[in-house]
Amino acid sequence: MSSIRIGGIEKFSIVDFPNKMSAVVFMQGCPWRCPFCHNVFLQDVNGETNIVWNKFLDFLGTRKGILDAVVFSGGEPLVQKELKNAINDVKALGYEIGLHTGGYLPNHFREIVELVDWVGFDIKAPLVADRYKEVTGGIADVEKVKESLQILVDSNKHFECRTTCDPRFLSVDDLYMIANTLKELGVKEYYLQKYRKVESDAETNEGQCLALVENDELNEYLSKTFEVFEVRK
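Counting along the sequence shown from 1, when you hit position 83 you're at 82 in numbering that gives the first Met the number 0, and nothing is skipped either side.
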């Protein structure tokens with residue numbers, strides 16, 4: 000059995016894996032410090048947790064025929080070396096596998112992608128070094144992100160890319176730039192996600208939160224650029 004560290008569990012979700020009823024595992028640990036993160040408590044890979052992996056597997060054993068899939072989310076799942084073993088534990092029970100990732104470690108991702116059925120890939124900013132560092136707390140290596148994304152495109156797995164539209168850090172021009180890069184890389188499915196204010200943000204108003212995702216000209220362009228495009232509010 001895996002010794003993976005879990006910071007939280009959602010026992011039933013209809014939104015984390017397309018068209019599947021799933022359980023979501025929020026894995027402990029993330030190297031990035033995105034300012035719009037609502038799961039700050041998961042950032043420390045050694046953070047306290049009372050969730051026992053084997054007990055979660057026991058729970059999954061009771062949900063066969065009710066749940067279709069298990070989604071590994073975070074945090075950043077690729078931080079944990081035991082991810083592959085944990086996925087195999089779940090696959091052995093007959094569940095499909097979803098993964099939410101920012102593409103942190105391409106070498107680890109290459110080992111994992113063959114095991115999953117669907118991936119939600121987070122694009123934080125235009126895929127250039129200075130912008131990616133800005134939006135991830137000065138940490139992310141954009142070349143590793145692009146390598147992971149190319150691995151995903153080449154895998155022929157079902158996946159989506161999505162961007163949280165934090166108006167403090169992203170502009171309409173940034174979203175055009177992201178879209179054009181993703182199109183060139185072969186991405187077919189893209190989503191814009193409304194920014195939901197974090198506790199530390201006392202300045203941004205609701206109109207600003209909606210401005211990027213409700214830009215009609217941008218949305219029309221994205222609808223023509225990708226085979227699948229939607230706004231999530």
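We put the beta carbon where it would ideally sit given N, CA and C, even for glycine. Predicted model, so just to flag it, every value in this text is computed and none were measured.
Item, Value
"Rounded straight-line distance, which links the Cα of A124 to that of L169", "7 angstroms"
"Span of the beta strand (DSSP E) around W117", "117-121"
"DSSP three-state assignment for E219, whether helix, strand or coil", "helix"
"Coarse secondary structure for T224, derived from DSSP in three states", "helix"
"Nonlocal neighbours in the same chain, by C-beta distance under 6 angstroms from A128, ignoring five residues either side", "V141"
"Nonlocal neighbours in the same chain, by C-beta distance under 8 angstroms from L114, ignoring five residues either side", "K83, I86, N87, K90, I96"
"With 16 other Cβ atoms within 10 Å as the buried cut-off, status of G99", "According to the sequence provided, residue 99 is His. The question's Gly does not apply to it. The residue in question, H99, is buried, as its Cβ has 16 or more Cβ neighbours within 10 Å."
"Through-space distance from K156 to K187, alpha-carbon basis", "12 angstroms"
"Cutoff 7 angstroms; reference V171; Cβ partners in own chain excluding five residues on either side", "L211, N214, L217"
"Between the CA atoms of N45 and A68 - distance to the nearest angstrom", "27 angstroms"
"Rounded straight-line distance, which links the Cα of E110 to that of N18", "25 angstroms"
"Element boundaries [alpha helix (DSSP H), containing M20]", "Careful: M20 lies outside any alpha helix (DSSP H) and carries neither H nor E."
"Of the residues L184, F11, L181, the one placed nearest G64, counting alpha carbons only", "F11"
"Anticipated Cβ contact below 8 angstroms, A178 with T135, distance rounded", "Not really, about 20 angstroms apart at Cβ, beyond 8 angstroms."
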